[in-house]
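First the structure, in the form of structure tokens, and then the observations on it.
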Amino acid sequence: MRFPAWKYALIVIVMIVSVLYALPNLYPDEPALQVSGAQAGTPINDELRKRAVFALDQAGLPHHGDEIQEKGVLLRLNTPEAQVQAQAVLRRALGENYVVALNLAPTTPAWLHAIGAKPMKLGLDLRGGVHFKLEVDVDKALEQRQESYVTDIKKQLRDANLAYRAVSELPGGLFELRFASLQDRTAAEELLRRQFPEFLMSEIAADEGAGLKLDFKPEKRREITDYAVGQNLTTLRNRVNELGVAEAVIQRQGSSRIVVELPGLQDTAEAKRILGRTASLEFRFASQEQDSGFMTPPGSERFAFSRGGNVLLEKRKIVTGERVTNAQSSFDEFSRPQVNITLDSRGGRLMADATRDSVGRQMAVLFVENKQRVSYQPGADGKQVEVREPYIDKRVINVATVQSMLGSQFRITGLDSPAEAQELALLLRAGALAAPMYFVEERTVGPSLGQDNIEKGMMSTQIGFALVAVFMLVFYRVFGLVANIALFVNVAIVVAAMGAIGAALSLPGIAGIVLTVGMAVDANVLIYERIREELRRGMSPVSSIVAGYDRAFATIIDSHVTTLVVAVILFAIGTGPIKGFAVTLFIGILASLFTAITVTRGVVQLIYGGRRVARLSI
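Okay, so the sequence shown: first residue is 920 according to our numbering, each after it adds one.
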């Protein structure tokens, strides 16, 4: 019956840390509003906070806290009704430059926050929010890829001195090439098979001369689809993170769909507006035509410049934002801000071809964004109704001179400040959509339903815990009390660990906690039944305790390790709620091993160790 002092110290430390880091979950979230910039670089300062507070005071809406956070201003409201009313008030007062989103703010005391203790994150089914399913337009992705291929095909034919009459794009990712003679077609087919192995080629009859049809191979079509969905997935994540929507879940579903879940956001229109901020980028040369200010020259387009005025650009696109793989802001050798750009291999070739003979010309970055114009009009009942009108905003965010031939890596200079360089890098990294997306499904999970789920989940956990505790007390008496102490420590460890690692708790996660309680009891039952068996064999109480723990150890390890393997598999191949269940199960099994083997052994040692024991209360 010896138990090392360091194990007692470990038990005490784990219990104190677990209780401390589980405490924040006793403080519920409260309704709040998150005010963030509609554009990257929109100022978030004390002046914005004062404007928001003044607007709420003028409207007579009670609030009890406001603070400036990293990406916005947080305003705490007294009731959910006041939260919704305050959102409408702030939208009118702040205008289109800011996004006002419904949110939930933690009420964790400052002293717990100071030590890094925070409550568990709640999933969509518990906290409420919005769920979207978006379909990526794969056909449009093929069309966009066709545009760049047409340029490449024409260049290859010209470099090989092969005459062609036309290179046309057809719907569905098809190309049609027309030649004056069969000899030209045969030579072109041999060249294109070497340069573009990703195409299936077939000869077709043309009205005059000969024709050749090109089609993407199935594996190339899958590659284009995967790239478009993957790029859009990254764009959505970056944009949602930029706007400060906490605990968003953005993941791929199937071949061409993306699921977006925004916990804590109950306004579907606001969520659509956030997702609608995804944009595209275009690199174009500044037009060499004279801008009269009245009529746009042929082959050119006029766009507004973010610094004021207008810029005349060529219609031809050099590279679009989907080719940008990375963008980082830095400083040049003269400590002036710049942005380092990295393109993919095809984008690098297109940029090199375009700039080889264009040193000294100006190149612009055009930012194209889908936005919504918000206005308020009187409704049928006389109240002001919010009206959203979608529109496309195109503006030039940078114009710089080409210093030398560019390739996959180059830099943009001539920026006014480091903040502008950081904003441009952010837009280049997160602003481009590889293909358009459309909403195919949307659902709103109300906070009342989430609260109902929480209450039922907590009730099920409490009932399960209570039934197990009563069972252990009735059947195992003092040892049952020891097992109940271990159960309490087990749940505290799980809750503390979930909060510490930032894992989101969902309904399946609550089920995982309940299952963990059952596994922890199962381990204790194995030990206690082994102790009873040793007592029936005539062994002394102390020897029975030692034998019970020693001989049940292998069985406990075996059962827990197999469950751990299942949890790892579920986490690896599962998505969403399945991952939540796997996380709580994994943490719970590790906690169960610790409490069953170490905690209960230590408590039993305190009760029966160091004295002569005539009988055990088991």
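Even glycine gets a Cβ: it sits at the ideal position worked out from N, Cα and C.
Inset, instruction - Taking I1526 as the reference, give the member of V1461, G1428 and A1473 with the closest Cα. - result: The residue labelled residue 1526 in the question sits at position 607 within the sequence shown. I1526 has its Cα closest to that of V1461, out of V1461, G1428 and A1473.
Legend entry - Delimiting residues of the beta strand (DSSP E) encompassing Q1172: As a working note, residue 1172 is residue 253 in the sequence shown. Residues V1168 to Q1172.
Inset, instruction - May I ask you to verify whether the stretch 1141-1148 touches the stretch 1170-1183, counting CB pairs closer than 8 Å and requiring at least 3? - result: Yes: at least three Cβ pairs fall under 8 Å.
Inset, instruction - Look up D1134 in the DSSP assignment and give the residues it is bridged to. - result: In the sequence shown, counting from the first residue as 1, residue 1134 sits at position 215. L1093 and L1119.
Inset, instruction - Tell me whether Y1083 sits in a helix, a strand or coil according to DSSP, three-state version. - result: To locate residue 1083, count along the sequence shown from 1; it is residue 164. Y1083 falls in the coil class under three-state DSSP.
Inset, instruction - Could you please give me the residues that DSSP links to Y1017 through a beta bridge? - result: In the sequence shown, residue 1017 corresponds to position 98, counting from 1. Answer is G956.
Inset, instruction - Kindly give me the distance between the Cβ atoms of A1405 and A941, rounded to whole angstroms, as I take these residues to be in contact under 8 Å. - result: Residue numbering aside, residue 1405 sits at position 486 when the sequence shown is read from its first letter. Residue numbering aside, residue 941 sits at position 22 when the sequence shown is read from its first letter. A1405 to A941, Cβ: 15 Å. No contact.
Inset, instruction - Confirm, please, whether the CB-CB distance from E949 to L1043 is below 7 Å. - result: Counted from its first residue, the sequence shown places residue 1043 at position 124. Counted from its first residue, the sequence shown places residue 949 at position 30. The answer is no: Cβ separation not under 7 Å.
Legend entry - Within 7 Å, strictly: CB atoms of L952 and A1005: As a working note, residue 952 is residue 33 in the sequence shown. As a working note, residue 1005 is residue 86 in the sequence shown. Judged by beta-carbon spacing, A1005 lies within the 7 Å limit of L952, meaning their Cβ atoms are closer than that value.
Legend entry - Own chain residues within Cβ distance below 6 Å of V1306, not counting five before or after: Here residue 1306 refers to the residue found at position 387 of the sequence shown. The answer, listed in chain order, is S1294 and Q1296.
Inset, instruction - Count the other C-beta atoms from every protein chain shown that fall within 10 angstroms of the C-beta of P962, then say buried if there are 16 or more, exposed otherwise. - result: For the purposes of this step, residue 962 is taken as residue 43 along the sequence shown, with counting starting at 1. Flag for P962 reads exposed.
Legend entry - Beta-carbon proximity list for F1505, same chain, < 6 Å, skipping 5 on both sides: Reading the sequence shown from its first residue, position 586 is the one you call residue 1505. Here the set comprises A1486.
Inset, instruction - Quick one: grab the DSSP three-state call for Q1257. - result: For the purposes of this step, residue 1257 is taken as the residue at position 338 of the sequence shown. Here Q1257 sits in strand by DSSP.
Inset, instruction - Compute the Euclidean distance between the alpha carbons of M1378 and L1426, then round it to the nearest angstrom. - result: Counting from one through the sequence shown, the residue named residue 1378 turns up at place 459. Counting from one through the sequence shown, the residue named residue 1426 turns up at place 507. For M1378 and L1426, the distance between alpha carbons rounds to 12 Å.
Inset, instruction - State yes or no: is the C-beta of T1519 within less than 7 Å of the C-beta of V1401? - result: Numbered from 1 along the sequence shown, position 600 holds the residue referred to as residue 1519. Numbered from 1 along the sequence shown, position 482 holds the residue referred to as residue 1401. The Cβ atoms of T1519 and V1401 lie closer than 7 Å to each other.
Inset, instruction - List the whole-angstrom C-beta distance separating L1045 from I1373, where the pair is believed to meet the contact cut-off of C-beta under 8 Å. - result: Indexing the sequence shown from 1 puts residue 1045 at position 126. Indexing the sequence shown from 1 puts residue 1373 at position 454. I1373 and L1045 do touch by the CB rule: their CB atoms are close to 5 Å apart, below 8 Å.
Inset, instruction - Hey, could you find the ends of the alpha helix (DSSP H) P1496 is sitting in? - result: For the purposes of this step, residue 1496 is taken as residue 577 along the sequence shown, with counting starting at 1. Per DSSP, P1496 belongs to the alpha helix (DSSP H) from P1496 to F1513.
Inset, instruction - Classify F1253 as buried or exposed, calling it buried when 16 or more other Cβ atoms lie within 10 Å of its own Cβ. - result: By one-based count along the sequence shown, residue 1253 stands at place 334. With fewer than 16 other Cβ atoms within 10 Å, it is exposed.
Legend entry - Whole-number beta carbon distance between A1471 and M1458, since they are thought to touch under 8 Å: By 1-based counting over the sequence shown, the position of residue 1458 is 539. By 1-based counting over the sequence shown, the position of residue 1471 is 552. Contact doesn't hold; Cβ gap of about 15 Å is too wide.
Inset, instruction - Excluding the 5 residues preceding and the 5 following I987 in the sequence, name in chain order all residues of the same chain whose CB lies nearer than 6 Å to its CB. - result: Residue numbering aside, residue 987 sits at position 68 when the sequence shown is read from its first letter. So the qualifying residues of the chain are R968.
Legend entry - For V1238 and Q1281, believed in contact at Cβ under 8 Å, the rounded distance: Taking the sequence shown and counting its residues from 1, the one referred to as residue 1281 is at position 362. Taking the sequence shown and counting its residues from 1, the one referred to as residue 1238 is at position 319. Not a contact, Cβ separation roughly 16 Å.
Legend entry - Same chain only: Cβ atoms within 6 Å of D1210, ignoring 5 sequence neighbours per side: Here residue 1210 corresponds to residue number 291 of the sequence shown, with the count starting at 1. Excluding positions up to five away in sequence, the list reads L1231.
Legend entry - Terminal residues of the beta strand (DSSP E) in which G1529 lies: As a first step, residue 1529 must be located in the sequence shown, where it is residue number 610. First-last for G1529: undefined, no H or E at that position.
Inset, instruction - Look at the alpha carbon of L1101 and the alpha carbon of I1072, and state the distance between them as a whole number of angstroms. - result: Stepping through the sequence shown from its first residue, residue 1101 is reached at position 182. Stepping through the sequence shown from its first residue, residue 1072 is reached at position 153. Near 18 Å, if we compare the C-alpha coordinates of I1072 and L1101.
Legend entry - Cα-Cα separation between V1389 and V1436, rounded to whole angstroms: For the purposes of this step, residue 1389 is identified with residue 470 of the sequence shown, where counting begins at 1. For the purposes of this step, residue 1436 is identified with residue 517 of the sequence shown, where counting begins at 1. When only Cα atoms are considered, V1389 and V1436 end up about 13 Å apart.
Inset, instruction - Over the uninterrupted alpha helix (DSSP H) stretch that includes F973, give me the two end residues. - result: Locating residue 973 in the sequence shown gives position 54, counting from the first residue. Counting along the chain, the alpha helix (DSSP H) containing F973 begins and ends at D965 to A978.
Legend entry - Exposed unless 16 or more other CB atoms sit within 10 angstroms - verdict on Q1381: Against the sequence shown, residue 1381 aligns to sequence position 462. The residue is exposed, with fewer than 16 neighbouring Cβ atoms inside 10 Å.
Inset, instruction - In angstroms with no decimal places, state the Cα-to-Cα distance between D1441 and Y1468. - result: Reading the sequence shown from its first residue, position 522 is the one you call residue 1441. Reading the sequence shown from its first residue, position 549 is the one you call residue 1468. Distance from the CA of D1441 to the CA of Y1468, rounded to the nearest whole angstrom, comes to 14 Å.
Legend entry - Cβ-Cβ distance between A1106 and L1081 below 7 Å: Locating residue 1106 in the sequence shown gives position 187, counting from the first residue. Locating residue 1081 in the sequence shown gives position 162, counting from the first residue. Between A1106 and L1081, the gap from beta carbon to beta carbon is short of 7 Å.
Legend entry - Span of the beta strand (DSSP E) around K1052: The count along the sequence shown starts at 1 and reaches residue 1052 at position 133. G1048 to V1055 is the extent of the beta strand (DSSP E) around K1052.
Inset, instruction - Give the single residue among I1488, R995, I1450 and A1501 whose Cα lies nearest to the Cα of L1535. - result: Here residue 1535 is taken as the residue at index 616 of the sequence shown, counted from 1. The residue with the shortest Cα to Cα distance from L1535 is I1450.
Legend entry - Cβ shell of K1139 (< 7 Å), same chain only, five flanking positions each side left out: Mapped onto the sequence shown, residue 1139 falls at position 220. Closer than 7 Å at Cβ, skipping near neighbours: E1117.
Inset, instruction - Determine the direct distance from the alpha carbon of P1025 to that of M1039, and round the result to whole angstroms. - result: Position 120 of the sequence shown, counted from the start, is the residue given in the question as residue 1039. Position 106 of the sequence shown, counted from the start, is the residue given in the question as residue 1025. Distance between the alpha carbons of M1039 and P1025 is about 10 Å.
Inset, instruction - Out of Y946, Q1170, P999 and T1153, point me to the one whose CA is closest to G1493's CA. - result: Position 574 of the sequence shown, counting from 1, holds the residue named residue 1493. Between G1493 and the set Y946, Q1170, P999 and T1153, the nearest pair of CA atoms involves Q1170.
Inset, instruction - Assuming R1113 contacts L1131 (C-beta within less than 8 Å), just tell me the rounded distance between them. - result: Translated into the one-based positions of the sequence shown, residue 1113 becomes position 194. Translated into the one-based positions of the sequence shown, residue 1131 becomes position 212. The C-beta distance from R1113 to L1131 rounds to 14 Å, too long to fall under 8 Å, and the pair is not in contact.
Inset, instruction - Determine the closest residue to L1325 out of F1398, A1271, E1000 and E1453, with distance taken between C-alpha atoms. - result: What you label residue 1325 is simply residue 406 of the sequence shown in a count that begins at 1. Ranked by Cα distance from L1325, the options F1398, A1271, E1000 and E1453 are led by A1271.
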